[in-house]
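K.L.:
Under mature numbering (1 follows the signal peptide of the UniProt record, and there is no 0), read the sequence shown as residues -20 to -1, 1 to 233, first letter to last.
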Amino acid sequence: MKKLLSVFLLSIVAPVLAVAAGGGYPLDDMKPNVSNKASLQNGAQTFVNYCQGCHEMAYSRYERVADDLNIPHDLVTENLIFDGAKIGQHMTNAMTVDAAKRWFGTAPPDLTLVARVRGEDWLYTYLQTFYEDTTRPFGVNNEVFPNVGMPHVLAELQGLQKKGCAQVPVEVDVLTGQDITEEKCDVLYLAEEGKLTPAEYEETVYDLVNFLVYTAEPMQEKRIRIGIYVMLFLSVFFIFAYLLNREYWKDLH
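1) Examine the Cβ distances between the stretch 142 to 161 and the stretch 83 to 102 and report whether three or more of them are shorter than 8 Å.
2) Taking the beta strand (DSSP E) that K11 belongs to, which residues open and close that run?
3) In chain order, which beta strand (DSSP E) runs of at least 3 residues are fully inside the stretch 73 to 156?
4) With the cut-off set at 8 Å, would you say Q138 and L168 are in Cβ contact?
5) Which of the three DSSP states is assigned to H70 in this structure?
6) For N16, tell me which candidate among G207, L214, M199, N190 has the shortest Cα-Cα distance.
7) Between the beta-carbon of C34 and the beta-carbon of P117, is there less than 8 Å?
8) Is Y228 helix, strand or coil by DSSP?
9) Just the C-alpha distance for V120 and Y186, rounded to the nearest angstrom, thanks.
10) Assess contact between the stretch 191 to 205 and the stretch 156 to 173, defined as three or more Cβ pairs (one per stretch) separated by less than 8 Å. Is contact present?
11) Let's test the definition: count the other Cβ atoms within 10 Å of the Cβ of Y106 and tell me whether it reaches 16, buried, or not, exposed.
12) For K164, which beta-bridge partners are listed by DSSP?
13) Could you name the residues of the same chain whose beta carbon sits closer than 7 Å to that of V56, not counting the 5 residues immediately before and after it, in chain order?
14) According to DSSP, is L7 part of a helix, a strand, or is it coil?
15) On the CB-based measure, 16 or more other CB atoms within 10 Å of its CB, does F218 come out buried or exposed?
16) State the Cα-Cα distance for the pair Y5 and L91, rounded to the nearest angstrom.
17) Near Y181, what residues of its chain come up, given a Cβ to Cβ distance below 6 Å and the 5 sequence neighbours on each side ignored?
18) Whether or not the stretch 22 to 36 and the stretch 48 to 64 are in contact is what I'm after, with contact meaning three or more pairs of Cβ atoms, one per stretch, closer than 8 Å; do they touch?
19) Taking C-beta to C-beta, are L188 and G85 nearer than 8 Å?
20) What would DSSP say about L170, mapped onto helix, strand or coil?
Following this line, the structure appears as structure tokens:
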């Protein structure tokens, strides 16, 4: 019985650990900030322009996103809705399941809760580690998700990365402030520049992942705020409870 229980628990925990580890590739540390409305707005714009053509957010509504991110409804309708949907509808797309299976082999997953399933570090690293691989159907592979079955939709922003030998920065010269490089192999390097600089692309990916963290739990900012109020109330209540308890027992000791 104990052996069966151990196998059962391992079957549950192992996939979670595998996801958290990103398939063995070291994940970058991404600290989301759902209070940063500008970041969330940029992330929402990136999502609808580059991701929503294939991926839906069937559990999120345009109106809720607009209200939470302080975006006027008319701006959302003009700039974030391209399929004629109403402001109160869910963030879906026109791709059918049959068409998705025919083009990609499987239907692209809904991204409403992807940040809770994969984790922000995994998403942040995943979107930055696509590289050229001519053996793959879409010509790219990914360090975090080997043999990935989707194209690099942000390639025009990032550019084309390749995997091989390149000069990479290892430390900063304290006198000149410039990077000291060293040749390393089996690393990713930018072979063709995109529309954005590497720093700008990292910021764009951060904003996109930040938005996905928000959609996975839209109430988290309010939950944290309510939690602070509750803790303050309990702290004040504890003082009165302590004084009342001391007053009640003082004549009995």
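In this text, a Cβ means the ideal position worked out from N, Cα and C, and glycines have one as well.
P.N.:
In short:
1) no
2) Careful: K11 lies outside any beta strand (DSSP E) and carries neither H nor E.
3) 110 to 112, 120 to 122, 139 to 152
4) no
5) strand
6) N190
7) no
8) helix
9) 21 Å
10) no
11) buried
12) A146
13) Y42, A46, I67
14) coil
15) exposed
16) 22 Å
17) L137, Q138
18) yes
19) no
20) strand
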